[in-house]
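A quick write-up on the structure given underneath.
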Amino acid sequence: MPVLDRTAASLEPCGLQRLLPQTAKAAAAASTATERRSRTLHPTFWQYGVADLELSQTCQSLVAASSSPVPQTEPLNASSFLLDFLYPNGALRFLKSSYLRVLGDRRPAAVIRRPSRPYSSLPFSTPEPDATSQTIDSITTNLAGPSFPVEARKAAATTTSRGRADDDEASLVQELEDVLQTSVTLYSTEAFDRAWDVYSRLPFGAHKAELAHRVLLFLTPSRRPTEAQRIVMAFSAIDTAERDAAAVSHTIRALLRLNDREGALALFRQGLAAGETITATTATTKTTTRSKQPCPPGLGPLVADCLQRAAWDMLADVWAIYKEKVGRSEVEAVELKEVLEVANLQNRLEQLSAVVRQNMEAAATATTEGEVPRSVTGIFAAVVLASLHRLTCADSIPFVRQLKNVWIYEAFIHVALNNGQKAEASEAYGEYRQLRLFRPRRATLARLVQEAYYPDDVRGMESVLKDWYRVHGRPSYWGLQKFMAFYAGRGDVTSVNRLWNDFSAAHPGALERGEDTFAHLLKVHAVRGDIEQLEQVFGEITTVHHQTANTTCWNIRLHAHVERGRFGEAMRVFEQLCAAVEPDGYSFGTIMSLAGGRGDLELVLELHAAAEARGLAVTEAMLDPIVEAYCQNERLDEAERLCVSTARSSGEKTDSAQKGTLKKRPPQSYTALWNTLLRHHAFRHDLVSVNRVLKRMSRLAVAYDGGTYSALLFALAQCRQPRRAVELLRAAQDEGLFRPTAQHYTLLMMAYVRSRQPHRALQVNRLMHHLGFRRTSRQTQLVIKAFSQWQEFPPGVDANGLPAADGSTTSLDRRELLAKALREFQRSLAPLPSDGDRGPATVDAVRLPLGATRRFSFVIFMLVQARDFVGVEEVVQLYRSLSPPDDRQQPLPLKLCNALMLSDFYEGRFDRVKETWRYVLDRTVEIGRPHDWSTTNARSHSPIVARLRYGLTDPLKTMQRLYTAEGDADGLVRTIQEVLAAGFALDSKNWNHYVQNLARLGRTHDAFAVCEQHLMGQWSGFAVLRARRRGGGLDGDGVGGVNDVDRDGLHNAQFDGDLFRSDDVTTSQLLAAARAAEATTAAPARPPNNNSNTNSGSARLSRAQQLLEGAPRYNRPMALTFMVLAKAYMDLERSAPWSSAAERHFHDLAIRYPKAVHAVRTMVRMNSRLEGRAFGDGDPSETPNGHEHGLYFDHDDDDPLDLSAVHGA
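Using full-length UniProt numbering, the first residue of the sequence shown is number 1, and each one after it goes up by one.
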């Protein structure tokens, strides 16, 4: 029987492997992968599948046969067991020994399984039994022998089986405890199988019932149907009294996974009916619970399943059962968290929304109660509330508006604020206020104030304040402080006083504790510019309220004087502050900003040393004035070294903070210092240095901010490169380099105005309106300037810079543009109009709007051009009527005095011009002297501060014209010498005008001397001028001169709807333009000499050098200056043969002033109109360059350092 033996043995676990010879095993190991997988089915089946075979019928037959003695030999009868016809006695003995424990138990014993393990092709290895196990097995085998009585064998077997069961149960419980302690995830399949395997091997009893709940929770992370079935089995083993909400909820989820929805719904109904027996274990929300009944378990999985399958009838059943048993129609959002897992949730909610609308329509038209459909509005509202965090605001707002539920509106507002969508939150709050049950919570109102409305949205703030008083009464401590700060920032004295009275009545202790209550009373007057009222309120802190002003109050007082530009008063207030209280970093930063803006380097460094001596932390606000003062004093290298050292120290602090050595707030980036340095390089037209500084910022990991890109745009505007500015803004829009603001677009307007393209500037102004930017003072100034450039408007363009609607190609009328400029000026003086939900910037402001002085000055200049002197007087009277009361009796600001000097000159009132000049000179000298902090007195014999060193350039041009018109050469020379002796400096235009006027007045020797000394040192020759005249563009590094401007900056730009769209610009080109790429790097300028700078073969200049020479403070001779000198030189040459003095004078010029004389001799005539006027053969009525504005009154407000608009400056 060897074949049958092998066949029988192969049916045991891994039996085939014992039968195979060694050679066969080696051959099997080398077989293909398909054969190996087939072979592994045998051990796999015996390890995992055979234990589930149902052998209960065989066991029952054995139990019935065990009462009679087993005969020694049995006939070969058929049996239900496999292959027992071969070995009947052995098979019967094997089954009896295996199932002997069931004889004393009414329940069928669990099948003993092997410990589960991962599927493998290796045979299962059974550990060797110990001595105790072998003894128990031998006793059991002997008891099963045929010679022993049946009753004795039964008793002995039962006792032995119970002993082994106790030992096995303890070990299994311990093993199960170890498994349940492990952390599992969705994919911990092995742990789930092992836990269930051990649990299944436990005998029925108290331990198994107790562990069923833990096993159920252990299996819940799995998503396999196998675990779902096991969860249901484990739940059935839990006693009814021990079932809690978590077990019911997970079981319902498992039933839904098994597609047994009727069972899930029945369990949901049963769980609700159990009522008090179910222990609610769900997490509570922070909001107040509006019901006493606990939330029913399993609602979330059922609702999510209905949404996923669009089973609206079942959803109605679930909702009906919920309302009937719980007695309410609200659900906490946390109980429906399973809804967030639904795929295509937006589409499902739209379908449910449609069902809700249909049900409402059907209910409205129903005539009988039976026709009314079951409502699912309540569960729809609960689902929407739970889904707000999952959906976007744009997707969820239609559902919110459909439901009109106050709780959902408030939740939506909070979600929108969390996502930073202030506009959506504000719009939802406006709709929420229209609901009948509108009653917002304090937390909602506070968040709207803090995150949506403060500090710009006037209408929103006033709505919240009104609702706060109407719903909750007086606002909280924080609310009153916030609203007082808001109205103080607007200059609304009435609202601040009303809120302050409520605050002092509700919180009287705040005044005694010295908190910042009086700060709002001071700030409201500081914003309005009412210094007199501010000083009165500051005095009442001590005299009326009997309190001591703290540092905050002193800082507000100091800041008010600094804002008005009153340097002497500000220094006195600062000294009083230091004597009364301890100054902080803001105190020093405020006064240092004023001193640094003046360029008073010694005072700034003295204040910085005092702050360090007091132990104050050095802040960005304290270092930026130092950089500013260094730059204004032409010490840009030291300013850059300060920026580098600050950046490196900041980087070291950052590294220390990352290592955990610093626990305070992260260090500052100090980007503002670099931005100041960039602006000064830009003002000097030095794009090479701008590029170098930007690279250094990148190497030092100094982050760019909006101010950095503003400085870059300012550099492009100064250098008249609007196309590059457009490319930079296009890159910001398309690639997200930075977020363009109104300031960035205003700088683009400035670039077009400076490059004489006013129609493009007006297009940018229109674009800013479409983008929703509020008009600023600087923008209005540029619009007025654009209208004043009436000669530059191309034909066929209307007053808005757009092509004419009627297709006309005629030029605009000058009077029309002047009228539009005056209307813009009048509009700028009125309070800013309401923009949507935003109200005026200030209420009943005492001082003029920011930049008003510059606008008045420019309008006066425009009227002077039109020779409307009556209009000039009206503008002056208008200014006085709009000035603060304490300034109406004071002299006009210096900027207006400069404009009035030009007006009086053209009107022929020379005496008034000289009188105004004397006041301007004396006043500028007075306010321009450096001050010492210790005494607040001006230092004697000190030069003018750097900021005002060029403060007389505009009025000095008018005085030069006056003396030239009078023919008073001595007066002209005396005035220039007086200005220089006082410590002032002249810019390039003033020096050129001085040389021209001396030559015209017959002071040829002095004219050549001034030109040689102050202008020829940086002259680069005639190469650029001749190249432009020949019309053949420049190659290599050279392009046109400073007036050779590309006027096609926005040729392809579409301003209506699509901003700066163009596909011909790459990112690399944008970045190269934005950061002044190395392509424009300038070669060092050659030292001037008589040969290289004047001959016809001189090298063309680099583009960077041309830009540098276009800076207003880069002293070089202009073409007109050489023409005037050439005419004087030729007149002297013609007189030389007839006068020995003239001949001696003529030869002396060539010896003493070789550069200027050589330039005049080698100058090439180009037969231009300018030459005709200079040499006397042109139209005498024609002004140089066609613009008196450019020659004699350079009303250029593009200087970022301009402080002349302040009163008294």
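Even glycine gets a Cβ: it sits at the ideal position worked out from N, Cα and C.
Apart from the five residues on each side of it in sequence, which residues of its chain come closer than 8 Å, Cβ to Cβ, to residue 1009? 1152, 1153
To which residues of the same chain is residue 681 closer than 6 Å at the C-beta, ignoring the five residues directly before and after it? 689, 690
Mind checking residue 836: buried by the 16 CB within 10 Å criterion, or exposed? Reliability fails at residue 836, whose pLDDT of 38 lies under 50, so the model's placement of it is uncertain and the value that follows must be treated cautiously. Exposed, since its Cβ has fewer than 16 Cβ neighbours within 10 Å.
So, is residue 354 buried or exposed, given that buried needs 16 or more other C-beta atoms within 10 angstroms? exposed
Cβ neighbour criterion (16 or more within 10 Å) applied to residue 772: exposed
Cβ atoms of residue 558 and residue 531: under 9 Å apart, would you say? no
List the residues that DSSP assigns as beta-bridge partners of residue 232. None; residue 232 has no bridge partner.
Report the rounded CA-to-CA distance for residue 418 versus residue 403, giving the unit in angstroms. The straight-line gap from Cα to Cα measures roughly 22 Å.
Given 8 Å, three or more beta-carbon pairs between the stretch 1136-1151 and the stretch 1166-1175: no
Would you say residue 244 and residue 297 are within 9 Å of each other, going by their C-beta atoms? yes
Mapping the DSSP letters down to three states, classify residue 1253 as helix, strand or coil. Residue 1253 is absent from the structure shown; the chain starts at 1 and stops at 1209.
The alpha helix (DSSP H) that contains residue 897, what's its start and end? 894-907
Identity of the residue in 747, 713, 643 nearest residue 699 by Cα: 643
Exposed unless 16 or more other CB atoms sit within 10 angstroms - verdict on residue 478: By the Cβ neighbour-count rule, residue 478 is exposed, with fewer than 16 other Cβ atoms within 10 Å of its own.
Exposed or buried, residue 879, counting other C-beta atoms within 10 Å across all chains shown (16 or more means buried)? buried
Excluding five sequence neighbours on each side, which residues of the same chain lie with their C-beta closer than 7 Å to the C-beta of residue 351? 310
Starting from the Cα of residue 575, find the closest Cα among 803, 588, 990, 214 and give me that residue. 588
At least 3 beta-carbon pairs within less than 8 Å: the stretch 1121-1134 vs the stretch 992-1011: yes
Quick check on residue 817: does DSSP put it in helix, strand or coil? Residue 817: helix per DSSP, three-state reduction.
Among 764, 626, 918, 701, which residue has its Cα nearest to the Cα of residue 801? Of the listed residues, the one whose Cα sits closest to residue 801 is 764.
Which residues does DSSP pair with residue 797 in a beta bridge? 803
Could you give the DSSP three-state label for residue 502: helix, strand or coil? helix
So what does DSSP say about residue 1044, is it helix, strand or coil? With a pLDDT of only 35 at residue 1044, under the threshold of 50, the placement of this residue in the model should not be trusted; the figure read from the coordinates follows. The answer is coil: DSSP assigns residue 1044 none of H, G, I, E or B.
Near residue 323, what residues of its chain come up, given a Cβ to Cβ distance below 8 Å and the 5 sequence neighbours on each side ignored? 329, 378
Using the C-alpha atoms, what's the distance from residue 720 back to residue 755? 5 Å
Is the beta carbon of residue 951 closer than 9 Å to that of residue 916? no
Specify the secondary structure class of residue 171 as computed by DSSP and reduced to three states. helix
Distance between residue 1170 and residue 1133 (C-alpha atoms, nearest Å): 22 Å
Skipping 5 residues on each side, what residues in its chain have a beta carbon closer than 6 Å to that of residue 132? Summary for residue 132: the model assigns pLDDT 33, below 50, so the residue's position carries little reliability; its value from the coordinates is reported in the next sentence. Counting only residues of its own chain and dropping the five nearest sequence neighbours on each side, residue 132 has no CB closer than 6 Å to any other CB.
What separation, rounded to the nearest whole angstrom, lies between the Cα atoms of residue 314 and residue 306? 7 Å
Who are the near neighbours of residue 563 in its chain, counting only those whose CB is closer than 8 Å to its CB and skipping five residues on each side? Apart from the 5 residues on each side of it in sequence, residue 563 sits with its Cβ closer than 8 Å to the Cβ of 526, 529 in its chain, given in chain order.
Reference residue 569, options 873, 250, 535, 735, closest by Cα: It is 535 whose Cα lies nearest to the Cα of residue 569.
Can you have a look at residue 779 and say buried or exposed, based on whether 16 or more other CB atoms are within 10 angstroms of its CB? buried
Could you spell out the range, first to last residue, of the alpha helix (DSSP H) harbouring residue 312? 312-326
Nearest-angstrom beta carbon gap, residue 745 and residue 768 [assumed within contact, 8 Å]: 5 Å
Checking contacts by CB at 9 Å: is residue 1128 closer than that to chain C? This model lacks chain C altogether, as it is built from one protein chain only.
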